[in-house]
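Asker: Chains as they are written, first to last, in my numbering: chain A, 1 to 184; chain B, 185 to 343. Dropping a structure here in structure tokens format, bear with me for questions.
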């Protein structure tokens, strides 16, 4: 119960800050609360389907399929699949966390999970469309060309740093706050 | 918005197919979905509140005024701002465009975009929840260094 309450500490702090801001500068405070509510609505508009899909992925996709396609022995093919799947993603990075988490639990290689998250964060197709529209094609293309190798390098670097070795298996050590689905 | 609709339709279709194939498994999938969602709520509410405060306290004009030059300190500052803040693409790219229009250097704007996308300090608590502290620290640290490199190279090439 106490641990549960502690997880709301940040939210409680924000509410207090919002109230203080509202008392000092009513207009600013109102703006802060309004943008937070806009954001909440926006998140509720894509988070539920993503979690439903993660749940379905969990019960229907057998471990062998994930292992074969993005597992330790998937090689270049695994990298390409991770990138292609993530470019088609919708929603911000934190919507990608549970997906990558589910993949890791099904035997996905750590490097591929990191590449998946990196692609999701930086070069999703809808994002590139916005980028071309506002800052131009050369900017977007150059960023894409430089970001792809950076993402792939990050994946392999992470395996070296976290010492998961050749197998690419990753034991999650999130500890007491571990909030995802139970291990399979 | 179109993406949201597509996502909902896709999830609903998948759920229907799953339900017709196997009720038990579908129930389990929904239980997993609900648990993950419930566990995300506390940090999600906190982060949403933080974003609201940030948007209210740091207006666009102030950002544009602060980062209008190409000094190393300015680049570092805008990169830190990118690393700490979190905004959706439909706010970030218009902001980048307005920064460029108000005289910010291309390198500064490129560094802002790359750090914004590759480093997530605000979402770090959520990332820790899923993958642990060590993973989160290194993924973001490597991301920050590479973001600076990419932004710098872009600034030089596109000048």
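Ideal Cβ positions, reconstructed from N, Cα and C, are used throughout, including at glycine.
Mind pulling the chain B residues with CB within less than 8 Å of residue 87 (chain A)?
Answerer: Within 8 Å Cβ-Cβ: nothing; residue 87 (chain A) doesn't reach chain B, min ~13 Å.
Asker: Which bits of chain A does residue 362 (chain B) rub up against, with CB to CB less than 9 Å?
Answerer: As displayed, chain B neither begins before 185 nor continues past 343, which places residue 362 (chain B) out of reach and without an answer.
Asker: Alpha carbon to alpha carbon, how far is residue 259 (chain B) from residue 331 (chain B)? Give it in angstroms, no decimals.
Answerer: 12 Å
Asker: Report the start-end ranges of each alpha helix (DSSP H) in the stretch 216–269 of chain B that is 4 residues or longer and not cut off at the edges.
Answerer: 244–250 and 256–268
Asker: Using the rule of at least 16 other Cβ atoms within 10 Å of the residue's Cβ for burial, across every protein chain shown, is residue 200 (chain B) buried or exposed?
Answerer: exposed
Asker: Near residue 176 (chain A), which residues of its chain fall below 7 Å by C-beta distance, leaving aside the five closest residues on each side in sequence?
Answerer: Note that residue 176 (chain A) scores 37 on pLDDT, short of 50, meaning its location in the model is unreliable; the coordinates nonetheless yield the value given after this. So the list reads 3, once near-sequence residues are dropped.
Asker: Using a Cβ-Cβ cutoff of 7 Å, what residues of the stretch 249–278 of chain B are near chain A? List them in chain order.
Answerer: 272, 273, 274, 277 and 278
Asker: What number of angstroms, rounded off, separates the C-alpha of residue 208 (chain B) from the C-alpha of residue 52 (chain A)?
Answerer: The straight-line gap from Cα to Cα measures roughly 15 Å.
Asker: Is residue 337 (chain B) close to chain A? Criterion is C-beta to C-beta, closer than 8 Å.
Answerer: yes
Asker: Helix, strand or coil for residue 307 (chain B) per DSSP?
Answerer: coil
Asker: Taking the CB atoms as reference points, tell me whether residue 74 (chain A) and residue 116 (chain A) lie closer together than 8 Å.
Answerer: no
Asker: With a threshold of 6 Å on Cβ separation, who are the neighbours of residue 285 (chain B) within its own chain once the five nearest residues in sequence on each side are excluded?
Answerer: none
Asker: Leaving aside the five residues before and after residue 320 (chain B) along the sequence, list all residues of the same chain whose C-beta is less than 6 Å from its C-beta, in chain order.
Answerer: Answer for residue 320 (chain B): 308, 311 and 312, listed in chain order.
Asker: Can you check which of these residues, A:152, A:127, A:158 and A:154, is closest to residue 88 (chain A) by C-alpha distance?
Answerer: A:127
Asker: Quick check on residue 190 (chain B): buried or exposed, where buried means 16 or more other Cβ atoms within 10 Å of its Cβ?
Answerer: Counting C-beta atoms within 10 angstroms of its own C-beta, residue 190 (chain B) has fewer than 16 neighbours from the protein chains shown and is therefore classed as exposed.
Asker: How about residue 302 (chain B): is its C-beta nearer than 8 Å to some C-beta of chain A?
Answerer: yes
Asker: Going by the CB atoms, is the gap between residue 213 (chain B) and residue 56 (chain A) shorter than 8 Å?
Answerer: Cβ atoms of residue 56 (chain A) and residue 213 (chain B): closer than 8 Å.
Asker: Any beta carbon from chain B within less than 8 Å of residue 107 (chain A)'s own beta carbon?
Answerer: no
Asker: Can you round the beta-carbon distance between residue 229 (chain B) and residue 266 (chain B) to whole angstroms, since I take them to be within the 8 Å contact cut?
Answerer: Between the beta-carbon of residue 229 (chain B) and that of residue 266 (chain B) there is about 24 Å, and that puts the pair past the 8 Å contact cut.
Asker: When we look at the beta-carbon of residue 317 (chain B) and count the other beta-carbons within 10 Å, is it buried (16 or more) or exposed?
Answerer: Here residue 317 (chain B) is exposed, its C-beta having fewer than 16 other C-beta atoms within 10 Å.
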